[in-house]
Every structure is written in C-alpha cells, then in structure tokens.
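Below is one structure, written out as structure tokens, with a few remarks after it.
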Amino acid sequence: MMMITTISHRVPKTLSVLQKLSGKPWGFPKATGASWILLGLMLDACKTCKPSGKIKGKKPPKHKCNQDHGSDCCESGKYYTTYKCSPPVTARTKAVLTINGFGKGDDGGGPSECDGKFHSDDTPIVALSTGWFSNMKRCFHNITIHGNGRSVGAMVVDECDSTMGCDDEHDYQPPCPNNIVDASKAVWKALGVPEDDWGEMEIKCTFLAFLLKLNLYKHLLHPISASKIQSFNTNLNKYRAEMKSLKIVAIFALSIILAAQTLEGRLQSCNPSGKIRGKKPPPGQCNQENDSDCCKQGKLYTTYKCSPPVSGSTKAVLTINSFQKGGDGGGPSECDNQYHSDDTPVVALSTGWYSGGSRCLNNVTISGNGRSVTAMVVDECDSTMGCDDDHDYQPPCPNNIVDASKAVWKALGVPEGDWGDLDITWSDA
739 MMMITTISHR
749 VPKTLSVLQK
759 LSGKPWGFPK
769 ATGASWILLG
779 LMLDACKTCK
789 PSGKIKGKKP
799 PKHKCNQDHG
809 SDCCESGKYY
819 TTYKCSPPVT
829 ARTKAVLTIN
839 GFGKGDDGGG
849 PSECDGKFHS
859 DDTPIVALST
869 GWFSNMKRCF
879 HNITIHGNGR
889 SVGAMVVDEC
899 DSTMGCDDEH
909 DYQPPCPNNI
919 VDASKAVWKA
929 LGVPEDDWGE
939 MEIKCTFLAF
949 LLKLNLYKHL
959 LHPISASKIQ
969 SFNTNLNKYR
979 AEMKSLKIVA
989 IFALSIILAA
999 QTLEGRLQSC
1009 NPSGKIRGKK
1019 PPPGQCNQEN
1029 DSDCCKQGKL
1039 YTTYKCSPPV
1049 SGSTKAVLTI
1059 NSFQKGGDGG
1069 GPSECDNQYH
1079 SDDTPVVALS
1089 TGWYSGGSRC
1099 LNNVTISGNG
1109 RSVTAMVVDE
1119 CDSTMGCDDD
1129 HDYQPPCPNN
1139 IVDASKAVWK
1149 ALGVPEGDWG
1159 DLDITWSDA
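Here the sequence shown is numbered in the numbering used here, starting from 739 and rising by one per residue.
This is the structure:
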C-alpha cells in the first residue's frame, strides 16, 4: 500500500476526485482497461502549464482595437506572457469567465475558428484558452459552466488565443490568459449575473470527455474494501496475486509519470493549427529579394503554432533572408527591434522553435554542407500568420525553418548559385 501513498502525493487532485465519486476506499484494479484509464487520469493531473514566452506590445493603429465589453488594448513596449497550454482538466475545472461578442463587427474580431461563421449574442457559445481549445478538438462540444449559483450549457466555437496577440489578426489585444472561458452575453444572462457586473467572474466548467473517462473508470474499478484489508493475514494466498499486480501497476504508473515529465517536450507532436486564405499583394508590396514567395489570391496556406521537437541535432530547412533595412525580411528584428547586416550570422526561427522569444539573442549551431556555423537568433519566422501587410504579403513560414542571413550561407561554403533551401541540423549552442 506504500506505493499508492507515494503516487497519491503526486496526483492528489485525481485521487481525491476518485475517492469522492466512489464513496469508498480504493485500490489499483486488476482489470487492464481500468488500469489504463486510471493511468490516463493520473498523467492528466500531473501535467503542469508553464509560460511559453513573452511578446512585446505594440500601440494599436488608429481605429484598431475594438473596446466593446471593456476589452484591453496592447500597450507599446509592455511585455505580455504567452502560453501554449492550460491548467489540467478535472471534473470541475476552475476558470475565469469573460465576455465576448461573436457577431460581425464585435470585439471578437473575425468569424469563429471552428466553423468560420459569426454568432448571435443570444446564443450560448464560448471560446476557450489555447490549451483547452486543444487544436480544435473541442470544436462544437458542449461544456457546462457553473457560476453565481447556476449552471448553463454552451457550445465551443472559437479559441481565445494564449499564444499570440498585439497584432492586426488579434485586433491589437493582448494574448488571452491560459484559464479563460470567453462567453457570449447569453451565457452571462443564463447565469443570472446583473449586466453591470459582466466582465470577469470565477467559474468552474465541466468537460464531457473527462466525466466519461471517470465514469468508465468507476464501472471498471475493483476496490479493495476495508474488511478485506482487515482479514489480509488470513487470506494471504488469496491476495498475493492481487498485491503483485498492484505493485507492478503502481511502479509502471510512477515510471510513466516520471518519463512524461522529463521527456514532455520530445513527446509532443506538432499538428497544423489551421489555414489562411491568400490575398494578392497590393502594388509595391511583397519584396521578392532572395526569391521570396508572394501570396496567391484564394490559395489556402497551412499555419502552425508549434515546431518539431528539439533534440541534440534537430532537422530543419535552411532558407535565406535579408535582415537589413529594405530587405525582404520586412521590419526590424523582433528580438531587439534592430536591423542587421547581411554580413552578420543571424537567423529567424519558425514560431515553435522561436518559443515566444525565449531563444532571442541566443546562439544556435547550424550544421550543413559538411560544415558548422554559429548564428544568433534575432527574429521569428512566423508560422501562424501571413498574407497581410505585417508579413509583406508573404505566406506563413513552414514549421521547420531556420531563416538565415547571407553570412550563414557563406560560412557553410554553399555556392551562391545554390542559396535558397538546404537540409540542415541545428542545436542550441
């Protein structure tokens, strides 16, 4: 039983929920299905959510940042924390309820991500912080929101983006915190909150998938009752196999938890986050120095909020970019708001590897063409957006790009006629 005690200290939330729901002492089940469900619940509870980086605020241009419902606008130079995750989901997940307009012209901005449509304020719908939105996996799922002594069901139609903000696509509003349920007026009305108090409220929400997992576990669970424990000495042979199974499952569970924590980054997969439709560049836009691509009208481009896992030798594609003023890199570099000479070995990394600016001004080692070179990270190659004025009407960056200055290509000894794309590996220096 000592094994259970050890694990329960690592997953107190999950075990307390199971204890309350079962109403009796519990132990590890012999049933294989129940064991796996329990392990899944334990691993969910062990996950932590740490900031992924920071972005620097930009002052909204004139007539930007709709402040309907008291929405905040980004402040120039202020740093805002970003997240790629949200707190673990439990039977009743703590969250903060905020208010949003999902109609055309409202502070919600464009159409909802799940269906590409606008929605009436009279419909009970919500947007979830990035981690809970889970790459659209909760699209059109109903959740139950508990607050102000009442409950209401609402459908998930959009993401409250915790990874980005302070740009045109996000109406120059800050990134969403990682614990937000952004709701329509209909939700606030159903909870009976006086209109003057609409804005922020602490709530709890229930996700159907978690309840199904718990319910299935309850049906498969084979608890060791108190009476059985008391008569253990007289039934040693009867319980020897059960105790052996318990020990194996407990050790296995602990091993998985430890492995998951140490290898969390490597186990992550990177799936597309969506698509954007290309727009034809206006006259004089889209600098095609270094053979940069320009967006094509109506063409769909894949976007990513992540990059492949980083290893000691991460595979990537080297591309070429000018970080000088007037070059195809556009504005000044994001890390230091400066331009950089083509003779300086500097790079931009795809969004996931850029990691919200956490690699800013760090050196990376690039290996290719039989040589290696060290270069400094000064910018992001944006995999999440493109085909707009901010990105010079160029497509979103693929999620595996190291976009390098001419100095990097020269140091790798690549003939100038072959500059463009090169398979490489890179690592943090």
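Even glycine gets a Cβ: it sits at the ideal position worked out from N, Cα and C.
If you check the beta carbons only, do residue i and residue j fall under 8 Å apart?
i: residue 840; j: residue 857; result: yes
i: residue 1087; j: residue 1048; result: no
i: residue 1142; j: residue 1009; result: no
i: residue 1056; j: residue 1162; result: yes
i: residue 1080; j: residue 906; result: no
i: residue 862; j: residue 925; result: yes
i: residue 912; j: residue 1012; result: no
i: residue 1131; j: residue 1017; result: yes
i: residue 814; j: residue 787; result: no
i: residue 927; j: residue 837; result: no
i: residue 943; j: residue 896; result: no
i: residue 910; j: residue 811; result: yes
Determine the burial state of residue i: buried for a count of at least 16 other Cβ atoms within 10 Å of its Cβ, exposed for fewer.
i: residue 1112; result: exposed
i: residue 1214; result: The chain is shown only over 739 to 1167; residue 1214 falls outside these bounds and no answer can be derived.
i: residue 932; result: exposed
i: residue 1075; result: exposed
i: residue 869; result: buried
i: residue 878; result: exposed
i: residue 1078; result: buried
i: residue 817; result: exposed
i: residue 801; result: exposed
i: residue 1020; result: exposed
i: residue 938; result: exposed
i: residue 1026; result: exposed
i: residue 765; result: Confidence is the limiting factor: at residue 765 the pLDDT is only 45, short of 50, which leaves the residue's position unreliable, though a coordinate-based value still follows. Answer is buried; the Cβ neighbour count reaches 16.
i: residue 1097; result: buried
i: residue 1083; result: buried
i: residue 809; result: buried
i: residue 1030; result: buried
Rounded to whole angstroms, what is the Cα-Cα separation between residue i and residue j?
i: residue 822; j: residue 834; result: 17 Å
i: residue 1149; j: residue 826; result: 46 Å
i: residue 855; j: residue 844; result: 13 Å
i: residue 867; j: residue 1085; result: 30 Å
i: residue 1034; j: residue 790; result: 32 Å
i: residue 1144; j: residue 1045; result: 24 Å
i: residue 1090; j: residue 820; result: 12 Å
i: residue 842; j: residue 1099; result: 41 Å
i: residue 1154; j: residue 797; result: 40 Å
i: residue 1094; j: residue 1136; result: 16 Å
i: residue 849; j: residue 1015; result: 14 Å
i: residue 1032; j: residue 917; result: 37 Å
i: residue 761; j: residue 941; result: Residue placement at residue 761 is flagged as unreliable, the pLDDT there being 49, under the threshold of 50; the coordinate-derived value follows with that caveat. Rounded to the nearest angstrom, the two C-alpha atoms are 25 Å apart.
i: residue 1043; j: residue 914; result: 15 Å
i: residue 1168; j: residue 1121; result: Since the first and last residues shown for the chain are 739 and 1167, residue 1168 lies out of range.
i: residue 894; j: residue 880; result: 6 Å
i: residue 903; j: residue 1118; result: 14 Å
i: residue 1114; j: residue 1125; result: 27 Å
i: residue 1147; j: residue 1133; result: 23 Å
i: residue 1071; j: residue 1160; result: 23 Å
i: residue 1157; j: residue 1108; result: 15 Å
i: residue 945; j: residue 921; result: 15 Å
i: residue 859; j: residue 935; result: 17 Å
i: residue 804; j: residue 828; result: 34 Å
i: residue 876; j: residue 799; result: 34 Å
i: residue 1152; j: residue 1110; result: 12 Å
i: residue 1040; j: residue 891; result: 32 Å
i: residue 898; j: residue 908; result: 10 Å
i: residue 793; j: residue 1073; result: 9 Å
i: residue 865; j: residue 830; result: 17 Å
i: residue 1036; j: residue 874; result: 23 Å
i: residue 1116; j: residue 1123; result: 18 Å
Under the criterion of a Cβ to heavy atom distance below 7 Å, does residue i qualify as lining the ligand ADP?
i: residue 900; result: No copy of the ligand ADP occurs in the structure displayed, which carries no ligand at all.
Between residue i and chain B, is any beta-carbon pair separated by less than 8 Å?
i: residue 1087; result: Protein chain content of the structure displayed is limited to a single chain, and chain B is not contained in it.
* To do: Check whether the segment 1044 to 1052 touches the segment 1065 to 1079, counting contact only when three or more Cβ pairs, one atom from each stretch, lie closer than 8 Å.
  => no
* Stretch pair the segment 876 to 893 + the segment 922 to 938: three plus CB contacts closer than 8 Å -> yes
* Assess, as a yes-or-no matter, whether the segment 1098 to 1111 is touched by the segment 1160 to 1167 under the definition of 3 or more beta carbon pairs within less than 8 Å. => yes
* **Start-end ranges of the beta strand (DSSP E) lying completely within the segment 1101 to 1155, minimum 3 residues** => 1101 to 1106, 1109 to 1119, 1139 to 1142
* Asked: Counting only runs that start and end within the segment 860 to 901, where is the beta strand (DSSP E) found for 3 or more residues in a row?
  -> 863 to 867, 880 to 885, 888 to 898
* To do: Give, in chain order, every unbroken run of the alpha helix (DSSP H) that is at least 4 residues long and sits entirely within the segment 791 to 839.
  => none
* To do: Report the residue ranges of all beta strand (DSSP E) runs contained in full by the segment 1007 to 1033; include only those spanning at least 3 residues, in chain order.
  => 1012 to 1015
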